[in-house]
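Going by the numbering used here, the sequence shown opens with residue 106, and the numbers climb by one from there. All residues carry an ideal CB built from backbone N, CA and C; glycine is no exception.
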Amino acid sequence: MDPTEQTDWGNDIGDDQPKKSPAEFAATRPGKKILFKKKSSLKKSGRSKYKPESGYMYTGLVIPKLPFQRLVLEILQDHPVSNLLIQCSAAGAMHECAEVYLVSLFEEANLYAEAANRVTVLPRDLHRTLCMRAEAAAVTTDSPSTTSTEPEGLESSERIASVED
106 MDPTEQTDWG
116 NDIGDDQPKK
126 SPAEFAATRP
136 GKKILFKKKS
146 SLKKSGRSKY
156 KPESGYMYTG
166 LVIPKLPFQR
176 LVLEILQDHP
186 VSNLLIQCSA
196 AGAMHECAEV
206 YLVSLFEEAN
216 LYAEAANRVT
226 VLPRDLHRTL
236 CMRAEAAAVT
246 TDSPSTTSTE
256 PEGLESSERI
266 ASVED
């Protein structure tokens, strides 16, 4: 056989007749009824790629537990007091707090990225977020504290009586 010739390896039986739809097939069988029509499994391209994930919220921890504990122990080794240990519940609480902080940081950075019509969070978005948080912290610590001239420990009725006198 010449290598340029192509052979048909398929079955030639029934290839000349087109396939029937389920309704046409049921019409040829008088005693049978179609209970449901099979949906096509083919989807338009791009439709199923970006499904909204509104109902799928991940409630677990994002950072794995053991690497976080190793990081905490490494930081504790750098501390001047060398024999520091940490309880498992304290490590879990620090893990939870660190994740809450990082998630809120990236949520704010994502807002800056969306304002710039981008999808990707860039380092400048994180830097801007940290600067804004530092400014907000500086504003709250620089504000004058509200000091009361009234003596401590007085009940509200005694304060009113002392003002009227």
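D230 sits buried, since 16 or more C-beta atoms from the chains shown fall within 10 Å of its C-beta. In the structure shown, the three-state DSSP call for L227 is coil. Residue state for N188 is assigned as coil, using DSSP reduced to three classes.
Taken through DSSP and simplified to helix, strand or coil, I180 comes out as helix. Here DSSP, grouped into helix, strand and coil, assigns S194 to helix. Under the three-state reduction of DSSP output, K124 falls in the coil class, being neither helix nor strand. If you draw a straight line from the Cα of E213 to the Cα of R223, it is about 14 Å long. Residue nearest to Y163 within the set E204, P185, V226 and L210 is E204 (criterion: CA-CA distance).
When secondary structure is reduced to three states using DSSP, P169 falls in the coil class, being assigned neither helix nor strand. Here DSSP, grouped into helix, strand and coil, assigns A214 to helix. Measuring C-alpha to C-alpha distances from P169 to each of N188, V226 and E201 identifies E201 as the nearest. Closest by C-alpha distance to A218, out of T133, A198, V208 and T234, is T234.
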